[in-house]
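Residue numbers (my numbering), protein chains in the order written: chain X, 220 to 424; chain W, 114 to 232. For reference, the structure is listed below as structure tokens.
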Amino acid sequence: MESTEFSSDHLDVLRELMNIAMGNATASIADLLQAFGTMHIPHISISDMDGLKSYIEEAVPSDQHSYVTKQLFGGVFGGEFVFVMTNESAANLGHYLYDVDVPSDADILDAVIELTNILSSTIISRLTEELNTKVQFFPPSTEIISGNNLISQEETLNYHRIIIVSTVMEFQSHKISGQIFILTKDGMIQRLRELIDQKLEELYA
Amino acid sequence: MKVLVVDDSKLARLTLIKTLKEYEPSAEILEAENGAVAVEVFQAESPRVVFLDLTMPVMDGFEALERMMHINPKAQVVVVSADIQTQAQERVLALGAKLMVPKPINADKMLGVLQQLVF
Chain X
220 MESTEFSSDH LDVLRELMNI AMGNATASIA DLLQAFGTMH IPHISISDMD GLKSYIEEAV
280 PSDQHSYVTK QLFGGVFGGE FVFVMTNESA ANLGHYLYDV DVPSDADILD AVIELTNILS
340 STIISRLTEE LNTKVQFFPP STEIISGNNL ISQEETLNYH RIIIVSTVME FQSHKISGQI
400 FILTKDGMIQ RLRELIDQKL EELYA
Chain W
114 MKVLVVDDSK LARLTLIKTL KEYEPSAEIL EAENGAVAVE VFQAESPRVV FLDLTMPVMD
174 GFEALERMMH INPKAQVVVV SADIQTQAQE RVLALGAKLM VPKPINADKM LGVLQQLVF
């Protein structure tokens with residue numbers, strides 16, 4: 220029988236690898252924005268869909284509109300990258316990237332997509348590189364939602380257990396921040412565990 | 114030689130210690146999982162070298178570094194961090210760190226670090 224249980228060592232490895240991946244992404248975006256990004260300790264947990272919903276409700280404001288970009292990635296290890304940015308942060312991003320006082324809706328959307336591309340490709344590529352594997356990316360989709368109901372009823376029915384990897388991208392001087400979630404489900408949890416086991420075996424060899 | 118390894122990640126500490134031991138097998142290793150514990154150990158044990166992470170709970174590496182340099186301005190602190198921003202590097206060097214090395218540390222990076230430290 221396959222085990223999907225994660226020990227504290229597994230979670231520690233995942234947190235540290237995510238920290239390294241986020242460091243790379245933050246440096247890339249710091250160059251883009253010419254600003255300093257504050258690094259946050261990644262949150263890692265294993266949850267059912269109710270737990271995910273509760274977590275998102277705490278992390279994402281309920282009283283604002285947000286740009287939500289989702290991107291699937293697949294390979295030996297796969298999942299979904301979700302980036303959430305409030306309207307206000309997105310407008311600030313458009314302002315800095317396009318160097319205009321009031322960016323158009325199209326400029327803001329374009330800026331959010333550009334930022335998400337850098338985040339997802341840098342974070343997932345670095346994370347999978349550290350796990351000695353590769354993934355391919357599927358085209359992202361961005362929508363503006365009201366509140367924090369990020370996961371649809373349909374998606375809830377597709378998922379059973381899920382690993383939540385989340386952190387905050389924050390550039391205080393520019394008032395730009397966003398929430399990053401990496402959701403890995405079902406069979407991929409077992410594969411992720413195996414990849415981490417290989418990493419631990421190398422370490423203890 | 115006492116070496117203090119400070120990181121909230123057990124993986125990061127083990128990786129660093131394993132790599133360090135390849136070159137300095139006799140090193141006496143002290144460990145701390147956050148900046149606050151690290152400052153206490155630093156004061157009590159006076160390690161020759163400190164390997165210090167930046168992003169940690171309780172007390173981050175920036176504050177721990179500042180306190181260590183206040184206790185001993187000649188401390189040899191090597192910052193090992195995932196935060197590879199230029200501003201982060203400038204800040205830790207201004208605070209008195211000897212070097213800053215991007216994570217993950219490997220044998221080549223460790224050799225480069227050890228060649229720049231005074232034993």
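By construction, the Cβ of each residue, glycine as well, lies at the ideal position given by its N, Cα and C atoms.
Determine the direct distance from the alpha carbon of residue j to that of residue i, and round the result to whole angstroms.
i      : j      : result
A238/X : A195/W : Note that residue 238/X is Asn in the sequence shown, not Ala. One C-alpha to the other measures close to 6 Å.
L208/W : A240/X : 25 Å
H262/X : R234/X : 7 Å
T328/X : D267/X : Note on identity: in this sequence residue 328/X is Leu, with Thr being the wrong assignment. Each residue's alpha carbon lies about 31 Å from the other.
D250/X : N336/X : 15 Å
V205/W : D166/W : 11 Å
L178/W : F292/X : 39 Å
A330/X : A201/W : 25 Å
M220/X : D405/X : Here M220/X scores only 44 on pLDDT, less than 50, and its place in the model should not be relied on; the value that follows carries that caveat. C-alpha separation (whole angstroms): 14 Å.
Q398/X : V279/X : 7 Å
Q409/X : Q417/X : 13 Å
V354/X : H229/X : 20 Å
L127/W : A140/W : 14 Å
S159/W : K115/W : 8 Å
N311/X : S344/X : 27 Å
M182/W : G297/X : 44 Å
K187/W : Q156/W : 13 Å
E153/W : N147/W : 10 Å
L334/X : S365/X : 21 Å
S308/X : Q391/X : 10 Å
H430/X : T245/X : One cannot answer for residue 430/X here, as it falls past the ends of chain X, which runs 220 to 424.
Going by C-alpha to C-alpha distance, which of the options sits closest to residue i?
i      : options                           : result
N367/X : I275/X, H229/X and D250/X         : I275/X
Y423/X : E146/W, N219/W, L124/W and V116/W : L124/W
I395/X : G270/X, M407/X and Y286/X         : Y286/X
D173/W : D120/W, Q229/W and F232/W         : D120/W
S226/X : E421/X, E420/X, K418/X and R412/X : R412/X
S371/X : K272/X, K418/X and I383/X         : K272/X
V163/W : L212/W, Q198/W, P217/W and L127/W : L212/W
P170/W : A145/W, K134/W, I197/W and V193/W : A145/W
N306/X : A254/X, D269/X and D282/X         : D282/X
Y136/W : T199/W, L224/W and L230/W         : L224/W
S264/X : Q391/X, T386/X and H393/X         : T386/X
Q290/X : P358/X, N351/X and L350/X         : P358/X
T361/X : V301/X, R380/X and I415/X         : V301/X
L414/X : L346/X, A325/X, F356/X and Q253/X : L346/X
With hydrogens ignored, establish whether the beta-carbon of residue i is closer than 6 Å to any heavy atom of the ligand GTP.
i      : result
D269/X : As presented, the structure is devoid of all ligands, the ligand GTP included, so that no description of it is given.
What is the DSSP secondary structure of residue i, counted as helix, strand or coil?
i      : result
T403/X : strand
V321/X : coil
E362/X : strand
A188/W : coil
M220/X : Summary for M220/X: the model assigns pLDDT 44, below 50, so the residue's position carries little reliability, and this model does not support an answer.
I383/X : strand
I415/X : helix
S194/W : strand
S232/W : Note that residue 232/W is Phe in the sequence shown here, rather than Ser. F232/W: coil per DSSP, three-state reduction.
I142/W : strand
V171/W : coil
G209/W : coil
M388/X : strand
F155/W : helix
T352/X : coil
K394/X : coil
How close, in whole Å, do the beta carbons of residue i and residue j come, if the pair is a contact with beta carbons under 8 Å?
i      : j      : result
T288/X : I248/X : Going by Cβ atoms, the distance from T288/X to I248/X rounds to 14 Å, so no, they are not a contact pair.
G256/X : E420/X : Their Cβ separation, rounded to whole angstroms, is 34 Å, which puts G256/X and E420/X out of contact at 8 Å.
L129/W : I218/W : 5 Å
T168/W : M258/X : 4 Å
K216/W : G242/X : 7 Å
E198/X : L402/X : No answer is possible for residue 198/X: it lies beyond the span of chain X, which begins at 220 and ends at 424.
L252/X : H393/X : 6 Å
So that I know if they touch, is there some Cβ in chain C lying closer than 7 Å to that of residue i?
i      : result
E389/X : No chain C is present in this structure, whose protein chains are X and W.
Completely contained beta strand (DSSP E) runs for the segment 243 to 303 of chain X, where each covers 3 or more residues: 262 to 267 and 284 to 294
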